[in-house]
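Novice: The structure follows.
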Amino acid sequence: MQRRPQTRNTHQLQAVYQAVCQSSSHPSADEVYWHVRRNLPRISLGTVYHNLQRLVAQGKISVVLLGERTARYDPTTTAHAHFVCQQCGQVEDVFLSHTLLGIDLNVLARQGYRITAHNLLISGLCPTCGGRRSARLQ
Ligand SMILES: [Zn+2]
Ligand SMILES: [Zn+2]
3 MQRRPQTRNT
13 HQLQAVYQAV
23 CQSSSHPSAD
33 EVYWHVRRNL
43 PRISLGTVYH
53 NLQRLVAQGK
63 ISVVLLGERT
73 ARYDPTTTAH
83 AHFVCQQCGQ
93 VEDVFLSHTL
103 LGIDLNVLAR
113 QGYRITAHNL
123 LISGLCPTCG
133 GRRSARLQ
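Using this note's numbering, the first residue of the sequence shown is number 3, and each one after it goes up by one.
Right under this line is the structure:
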């Protein structure tokens, strides 16, 4: 069995990346940790954090804050917004056109802020929880 650190690191990085991609719920580091542990029982939470940071630095995943203090990780790195259901907590990717959103970040740029990213968070009830979909169709 090969024990070179390089090989092990690549293997762990790959496992962490797979865990983020396979989850449909924008997992937190804890959730990624529990998922990865099924295959790599000796991995530590610190190692999972470290690998998540590496993947973010490489641009393979992005960090999302969904109105809570815990960072979540997202395999979709293109610009998109998030819908969070207030009842079931389901997180969905929402792709909206920027002109439609009408957000002018130049205002901040003129005040000397350097914008590196922005996240739009939409809250409400999903179709399952809201039960409004059938009403609207009638
Ligand atoms: Zn819901
Ligand atoms: Zn997302």
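Beta carbons are placed, not taken as given, at the ideal position from N, Cα and C, and that holds for glycine.
#1: In chain order, what residues of the same chain have a beta carbon less than 7 Å from the beta carbon of residue 50, not counting five sequence neighbours either side?
#2: Hey, which residues come within less than 7 Å of ligand 1, measuring from Cβ to any heavy atom, in chain order?
#3: Would you mind sorting residue 63 into buried or exposed? The rule is 16 or more other CB atoms within 10 Å of its CB.
#4: Is any non-hydrogen atom of ligand 2 found closer than 6 Å to the C-beta of residue 79, if you look at the structure I gave you?
#5: Does residue 87 come out as helix, strand or coil in the three-state DSSP assignment?
#6: Relative to ligand 2, is the shortest distance from any of its heavy atoms to the C-beta of residue 76 smaller than 6 Å?
#7: Does the beta-carbon of residue 95, which I'm using as the reference point, lie nearer than 6 Å to any heavy atom of ligand 2?
#8: So, using beta-carbon positions, are residue 76 and residue 28 closer together than 7 Å?
#9: Roughly how many angstroms lie between the CA atoms of residue 109 and residue 21, to the nearest whole one?
#10: Hey, quick one: how far does the beta strand (DSSP E) through residue 95 stretch, first residue to last?
Specialist: By the coordinates alone:
#1: Within the sequence shown, residue 50 is the residue found at index 48, counting from 1. Closer than 7 Å at Cβ, skipping near neighbours: 18, 31, 34, 35 and 38.
#2: 87, 89, 90, 92, 127, 128, 130 and 131
#3: Within the sequence shown, residue 63 is the residue found at index 61, counting from 1. Flag for residue 63 reads buried.
#4: Within the sequence shown, residue 79 is the residue found at index 77, counting from 1. Residue 79: no, Cβ never under 6 Å from ligand 2.
#5: Against the sequence shown, residue 87 aligns to sequence position 85. Residue state, collapsed to three classes: strand.
#6: Walking along the sequence shown from the start, residue 76 turns up at place 74. It does: the Cβ of residue 76 is within 6 Å (strictly closer) of some heavy atom of ligand 2.
#7: On the sequence shown, position 93 is the one that residue 95 refers to. Yes, since a heavy atom of ligand 2 falls inside the 6 Å radius drawn around the Cβ of residue 95.
#8: Locating residue 76 in the sequence shown gives position 74, where the first residue counts as 1. Locating residue 28 in the sequence shown gives position 26, where the first residue counts as 1. Yes, the Cβ-Cβ distance between residue 76 and residue 28 is below 7 Å.
#9: Here residue 109 refers to the residue found at position 107 of the sequence shown. Here residue 21 refers to the residue found at position 19 of the sequence shown. Their backbone Cα atoms lie some 38 Å apart in a straight line.
#10: Residue 95 sits at position 93 when you count from the first residue of the sequence shown. 93-96 is the extent of the beta strand (DSSP E) around residue 95.
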